[in-house]
Every structure is written in structure tokens, then in C-alpha cells.
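Student: Quick note: the sequence shown, position 55, residue 54 per numbering that gives the first Met the number 0, numbers continuous. Built from N, CA and C at the ideal position, the CB exists for glycine as well. Keep in mind that this is a model prediction, so the values were computed, not measured. Here it is: the structure, laid out below.
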Amino acid sequence: MIETLLSSAGIELEYAVYTCFENQFPDSPDECDTWLISGSKNGVYDPLDWIARLEDFVRDLYKAQKKTIGICFGHQIMAQAMGGTVEKSDRGWGLGVAFNQVAQRKPWMEPWCDSMDLACFHQDQVVVLPEDAEVLAGNLFCPYYMLQYGDCFLSIQGHPEFSLSFVRALIGSQDFQIPPSRIREALISLHAPVDSGRVARWVVKFLAL
């Protein structure tokens, strides 16, 4: 899904996939030119060896000033590794389409729009910002939705790579304990358009800086 998303922005990339949850890690930040940390079924606060090891690698990436993108779990592990706090939110599930306001305009945000609406599927949130984090977008339910750290880290709570049909299937899978009222709200939100294509172009422009 991520490869398809980035290809839609008109860029051809070569990919190397590391299954960190199976303890497959790069030897060095220099193994790739840029990095992307995807979503996960785990929480970043889970006491698992691979998560601690990934946190260390995130800090190595920042020290090396490697361009890195985080999506959902990736967004959260970057925040935790950089000194922030992530928790299972007492606000409940973020499901369906999240409607965000962009707080700052960056040079790579072309084409420009002051909103950023994306598919989402999460319970966890960044609740305390790392010192180096800059909030670029958010909403009342999830204030720290898009973060930037210096010139090399960019992270997003939502899933620009998810189609709305995929989110609908996740909601209907019965693998998650979601309140029925929240499911109804989420399904209604899926009738709204999302900005995945524009966000893909933003990500590509950020990586190219």
C-alpha cells in the first residue's frame, strides 16, 4: 500500500523491507537513503525487545539526520524514541476519516491546502510532545496528528496509504472491541473525500529537500 501511495506521487523508488517485529533490522542507518516506519498491531509501549531496538534505531536515524517518515505506529514510535509519551487514549478509538487543520505551512506542502483529511484506525496517541517536535496539523480528538522534527523527521497519525474500503473492512472485521456508536460515526465519515494523494506529494517533496 505504501509503495502504491508513493508511486501515485510520480516517483520511482527502490524498496528494502525490514520486518522489525521478526527482529530483522538494518545494520546501519546508511543502508537506505530514506526510511519509512509503518503501522503495527502492537503498541509502542508494549514490553517487546524489537520495539526497544526500533526506538534505538530511530534515535540513530535522527543522529545521522536521515530523512524518515512515520505512519501511525511509526508516528508514535518516533515520538516515544525522541522523548515523548504515547498512551492508549481515554478518548477512545480514532476511526474512519479524521478531519485535520494544518497549523503551519511548510515549503514542501505543495499543492497547498489548510486541511488534511485522512483515513485512520487507532486507539493510541502521542499525548506528550518530544522537545524537538513541531506540530503541523491536528484536530480536537488527536491534537498531535502531524509532527516534524528538524529537517529530517516527519510523522503522521493517519493512514494515507489506506483506501476507505480497506478501513471499512477493518471496522467490520469484528477483531476489535469497538463501541457500536463509534462504528456508526466512523462509517458515516467514510463518505467524505480524503487527501491521500496530496499528502503523498507532500511526503515526496519533504524527502527531496
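(1) Identify the residues that DSSP records as bridge partners of W34: which are they?
(2) From the DSSP output, in three-state form, read off S39 for me.
(3) What does Q100 pair with, by DSSP beta-bridge criteria?
(4) Using C-beta distances below 7 Å, list every residue in its chain close to H121, excluding the 5 sequence neighbours before and after it, in chain order.
(5) Measuring CA to CA, which of L12, G95, K204 is closest to I187?
(6) Taking the alpha-carbon of M81 as reference, which of D59, G137, R181, M0 has the nearest alpha-carbon?
(7) So who's on the other strand from K87, going by DSSP bridges?
(8) Quick check on the burial criterion: 16 or more other C-beta atoms within 10 angstroms. Buried or exposed for W111?
(9) How long is the line joining the alpha carbons of A51 and D194, rounded to whole angstroms?
(10) Can you name the start and end residues of the beta strand (DSSP E) that Q147 belongs to?
(11) Looking at the strands, I want to know which residues DSSP matches up with F24.
(12) By DSSP's criteria, I170 is part of a beta bridge. Which residues make up the other side?
(13) Pick from F20, F24, R90, F56: whose alpha carbon is nearest that of R181?
(14) When you compare the CB positions of T67 and V126, do they come within less than 7 Å of one another, or not?
(15) Taking the straight line between their C-alpha atoms, what separation do you get for A185 and A207?
(16) Smallest Cα separation from V166: which of Y143, Y148, H190, Y144?
(17) Please report how far the alpha carbon of P192 lies from the alpha carbon of S37, in whole angstroms.
Tutor: From the atom records:
(1) T67
(2) coil
(3) Paired residue(s): S114, G137.
(4) C71, G93, Q156
(5) G95
(6) D59
(7) Secondary-structure assignment with DSSP links K87 through a beta bridge to D123.
(8) exposed
(9) 33 Å
(10) 145-148
(11) Among the bridge pairs identified by DSSP, F24 is matched with none.
(12) Per DSSP, none; premise fails for I170.
(13) R90
(14) no
(15) The C-alpha of A207 is placed about 34 Å away from the C-alpha of A185.
(16) H190
(17) 23 Å
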